[in-house]
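Novice: Protein chains in written order, with the numbering used here: chain H, 427 to 997; chain E, 427 to 997. Using N, Cα and C, we set each Cβ at its ideal position, and we do this for glycine too. Here the structure is a predicted model, which is why all the values come from computation and not from measurement. What follows is a single structure, and I will ask about it in a moment.
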């Protein structure tokens, strides 16, 4: 009934205006055409990155490396936007002239090394075979040593830098990656001009911007990943960067204009891209942001609501209008990073869906069908009945430990332990990790009344949602849109087009939650509280803060591993 | 050349005499016909137990339960002995009249509840559906609570009982199982007459013994599993048993004659069995012993040699003529339990092959072919290169922790961890467990010069042997016989037949090791020493002796598990 009504509204092309959201994910890019009035999604298309392994360029000698090809991004822009517009034309008779704005979000921190004309270095024949000349994907963990050194330097010289990003700088972030490139490949580093975040590179590309100095950077990646803050005049100062390495200080200049929120245009669609995409030239393109932050927008973020964007990893986003204390282990607190006028708070787990997929595929040797079967079997188990308990640190721990050099652990195995039991133990472990983050945030006085999830795992896996409700002891909602991130990007497009007076007004009109709500079940809650106490004991013992020898054991293993593989240790 | 010579010798039936060894394993029974002069194996046959899952009667509600059907044993005796004799007839023209003796070993402690005519209770229609009326297989772990109570009572009242069996009584052993039966099924318990160990039941059956009081018990199970010792007049005294439960004291009487070593006859082959098997009536049948102890005999045990019988679990056997101090965590030190005139020392690991099979089959969903593939892949890895470290406690820890309420643990997992890496980590974990046992024994002044292995895993898996050599830092030998346990039983048959003046004389003539020796490789030894230090840290933290909360964490998980499954906790 409601859907029929929406379709009817959408079928009045004379009255309707549209925006496009583009969502650059880890393995693919999606475009979504949205009705500005009500958020109705009228056309979508996905393009899978053709390069590497599911779009990721890997190095078999170094598991920490993950790069991407900017050519995949360009091809994806064309295919996904044209595909989505075609579907909207067939579904609601959309005319491209009714598209009034465009928003973009990407993974990050995903810096790209560019020349003076804003062209990625890998497009030059000389560097085509050098993985450092490609985009350094968010989950590239090669820069652990540099991240630790940045944390140490900031702790001594600029403690306020660290307080904004949870007390430690991450190997996944901008300056660590850049410095690592300088350390391992100085020759390549010398040949180039500027490093641009993917979230800023794509809008600049669409708007025909040709010089790094003219790129309008978004505060989302700048604030959360590059330590930018108006309180200290933008990016880290040159003296601090020079104290890391003199050549890092020179990188500040080309990207030093203040970063902006998503209600500001990055520019206007360039004629060549308008022609390629079949869109009106000159429509505004919003400043870029990170996928999770716009996912929160598309999921209906507001004060008191935690939005969890759950995919390969998880991002947890909150907004608040009040001044926020520094929260150790929360990755970032940045004014305007989600919505103008609000502090954006970001935390997250380094691996969620990645753990389930790894277990089903790498260990059980199965596919999606096996995952569905294990989910069914696991749904029949009761909390604690397997005797298993896991630590979900397969990809390190982002919040609250901020430590990439940790590893996954499973205890309680016996000779009858089944795959379904282990699979459920990993689901539970990620939920315990999620609870740890919520508790940390609440300890600092920020109330979390409800949790809204988006992302494929949340939408497809009811067991996942129910276990989270039981462990987080809160009702779990699902965002109405299955493409909440792309919807959030479209909302940014609506804001720069002037369709709404504020972010909250656009969110109220264009987003919602699904009817189905997962509520905590009393009997399960009690059992999980006991298990969580044991999870905390494991966490305390194996985190670096734990006493030796267990406190350092995961790092000792990583050091032995690096030694055995002939690599420089990353710890 | 040598083999041809042996065959030539074996082909002289006029000169040759033969003995039969019968090996009751966990899943099957094997008979072996052996030339008394040189140990040449001239005929063998295996019978797989037809009942339950691979011969084991299970209870899906209680993973700790494992029982067997005595009917399987009887059928196995007939089929295996006749099969082995048939093969010997075809191979060397053996005449059954040349068989001069017979030896038996079985798993244990595997007690069977019998009536006054020595018939297992499950043969009575009234009890046919009651699993308590069947043989309580060694790996039945239902009696954890009773084992803990026996340990506690002995610690207070009879500390010398415990000193002989490593400082703790095990849930796998005689009195714990019997008491558990009394606790959970008093009605059945009341209806019966005596509990007989499987190692004693089989020789008695073959010799036509009809009363429990006439069974000649072997010192091997009695000493290692039932706390019998001539120092305190045999089995535990009635006052001690009565302090556990008045009805336990009454069980001592029918089985109170002193237990004997394997050079004593349990009796002489009864006419009905002689006819059924096609053997001369009246040949001597040796006193029974446990599989591992006769496996050690068949592998060439002598002072300074550790024999490891490696199958689903491992048994480690040593002999020494000198008085042995009490060694905490070593399961038993019993005069005459392996060879007359020697102290027998037994230790072991609760799961070895079981862990590999569980991982390949239950978790990876594969079969023997996958195990071979994983072995090949794992062989290409270097120590430490996976970053993984495991605790091999899936079935508890027998030596040196004597604690069934522990569980397996794996740390160091990441999103690239492969099956082969985990498989190798489990191989390594069992080797670290084996090293821990050797170090404990050596701390008490018993030198271990060489290690001889027998059992299928050792014979088939070169990677297993090489990893053990690298981790134990000792050459690893393989017993020449692929059926070392059955050969040991045959040697017992030769001893009771008077063919040799002593155990060592029979062993020298009838056993040997293979030419292929696995020697420690220096580079691997160094890496494994670092990993072993971390294994020790994990072991100390998670064993009960560790400080809380980790010291009790495995038990807390087991308690939650029992609660979630509606079972009485076993901890």
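Note the first and the last residue of the continuous beta strand (DSSP E) segment covering residue 489 (chain E).
Specialist: Where residue 489 (chain E) is concerned, the enclosing beta strand (DSSP E) stretches over 488-494.
Novice: Take residue 800 (chain E) and list the residues in its own chain whose beta-carbon comes closer than 7 Å to its own, dropping the five residues that flank it on each side.
Specialist: 786, 845, 846, 849
Novice: Could you name the residues of the same chain whose beta carbon sits closer than 6 Å to that of residue 611 (chain H), not counting the 5 residues immediately before and after it, in chain order?
Specialist: 558
Novice: Quick one: does residue 991 (chain E) have its CB under 8 Å from some CB of chain H?
Specialist: Residue-level contact by beta carbon holds for residue 991 (chain E) and chain H, with a gap shorter than 8 Å.
Novice: Determine whether the Cβ of residue 981 (chain H) lies closer than 8 Å to any Cβ atom of chain E.
Specialist: no
Novice: Residues of chain H with CB under 7 Å from residue 374 (chain E), in chain order?
Specialist: Past the boundaries of the shown model lies residue 374 (chain E); chain E is included only from 427 to 997, so the question cannot be answered.
Novice: Give the DSSP bridge partners of residue 622 (chain E), in chain order.
Specialist: E:538
Novice: Where does residue 943 (chain H) land, buried or exposed, given buried means 16+ other C-beta within 10 angstroms?
Specialist: exposed
Novice: Three-state secondary structure (DSSP) at residue 653 (chain H)?
Specialist: Of the three classes helix, strand and coil, the one that applies to residue 653 (chain H) here is coil, per DSSP.
Novice: Beta-carbon separation of residue 535 (chain E) and residue 599 (chain E) under 8 Å?
Specialist: A distance below 8 Å separates the beta carbons of residue 535 (chain E) and residue 599 (chain E).
Novice: Any idea which residues DSSP pairs residue 421 (chain H) with across the strands?
Specialist: As shown, chain H starts at 427 and ends at 997. That puts residue 421 (chain H) outside it, with no answer to give.
Novice: Taking the Cβ atom as the reference point for each residue, do residue 532 (chain H) and residue 628 (chain H) lie within a distance shorter than 8 Å?
Specialist: yes
Novice: Mind pulling the beta strand (DSSP E) runs of 3 or more residues that sit fully within the region 893-973 of chain E?
Specialist: 902-904
Novice: Within the 8 Å Cβ cut-off, does residue 453 (chain H) reach chain E?
Specialist: no
Novice: Quick check on DSSP: helix, strand or coil for residue 671 (chain H)?
Specialist: coil
Novice: Which one of H:662, H:545, H:592, H:904 has the shortest CA to CA distance from residue 736 (chain H)?
Specialist: Sorting H:662, H:545, H:592, H:904 by C-alpha distance to the C-alpha of residue 736 (chain H) places H:904 at the top.
Novice: Against chain H, which members of the region 772-790 of chain E pass a CB distance test of less than 8 Å?
Specialist: 777, 780, 781, 784, 788, 789, 790
Novice: Taking 6 Å as the limit between beta carbons, can you name the residues of its chain near residue 987 (chain H), skipping five residues before and five after?
Specialist: none
Novice: Closer than 8 Å, CB to CB, is residue 996 (chain H) near chain E or not?
Specialist: Caution applies to residue 996 (chain H), whose pLDDT of 41 falls short of 50 and renders its modelled position unreliable; the model cannot decide the point.
Novice: Leaving out five residues before and five after residue 707 (chain E) in sequence, what residues of the same chain have Cβ atoms less than 6 Å from its Cβ?
Specialist: 695, 697, 700
Novice: Go ahead and pull the three-state DSSP assignment for residue 531 (chain H).
Specialist: strand
Novice: Give the residues of chain H in contact with residue 843 (chain E), contact being defined as C-beta atoms less than 9 Å apart.
Specialist: 784, 788, 789, 820, 833, 834
Novice: Can the beta-carbon of residue 933 (chain H) be found less than 8 Å from the beta-carbon of residue 756 (chain H)?
Specialist: no
Novice: Opposite residue 474 (chain H) in the DSSP bridges: which residues?
Specialist: H:454
Novice: If residue 816 (chain E) and residue 855 (chain E) are in contact, beta carbons under 8 Å, what's the gap, nearest whole angstrom?
Specialist: 4 Å
Novice: Would you mind telling me which residues of chain H sit closer than 9 Å to residue 808 (chain E), beta carbon to beta carbon, in chain order?
Specialist: 990, 991
Novice: What distance in whole Å lies between the Cβ atoms of residue 566 (chain H) and residue 676 (chain H), which are believed to be in contact at a cut-off of 8 Å?
Specialist: With 8 Å as the limit, residue 676 (chain H) and residue 566 (chain H) do not qualify as a contact, their Cβ atoms being about 23 Å apart.
Novice: For a contact meaning CB atoms closer than 7 Å, what does residue 956 (chain H) contact in chain E?
Specialist: 986
Novice: Hey, residue 860 (chain H) and residue 835 (chain H): beta-carbon distance below 8 Å or not?
Specialist: In this structure, residue 835 (chain H) does not lie closer than 8 Å to residue 860 (chain H) by Cβ.
Novice: By the 9 Å beta-carbon criterion, what residues does the region 581-610 of chain H contribute toward chain E?
Specialist: none
Novice: Going by DSSP, what residues sit across from residue 876 (chain E) in a beta bridge?
Specialist: Answer is E:731.
Novice: Run through DSSP, which three-state label would residue 823 (chain E) get?
Specialist: strand
Novice: Do you know offhand how far residue 538 (chain E)'s Cα is from residue 624 (chain E)'s?
Specialist: 7 Å
Novice: How big is the Cα-Cα spacing for residue 554 (chain H) and residue 547 (chain H)?
Specialist: 8 Å
Novice: Could you tell me the boundaries of the alpha helix (DSSP H) in which residue 794 (chain H) lies?
Specialist: 794-805
Novice: Apart from the five residues on each side of it in sequence, which residues of its chain come closer than 8 Å, Cβ to Cβ, to residue 901 (chain E)?
Specialist: Excluding residues within five positions, the ones whose Cβ falls inside 8 Å are 876, 877, 895, 943, 944, 945, 946.
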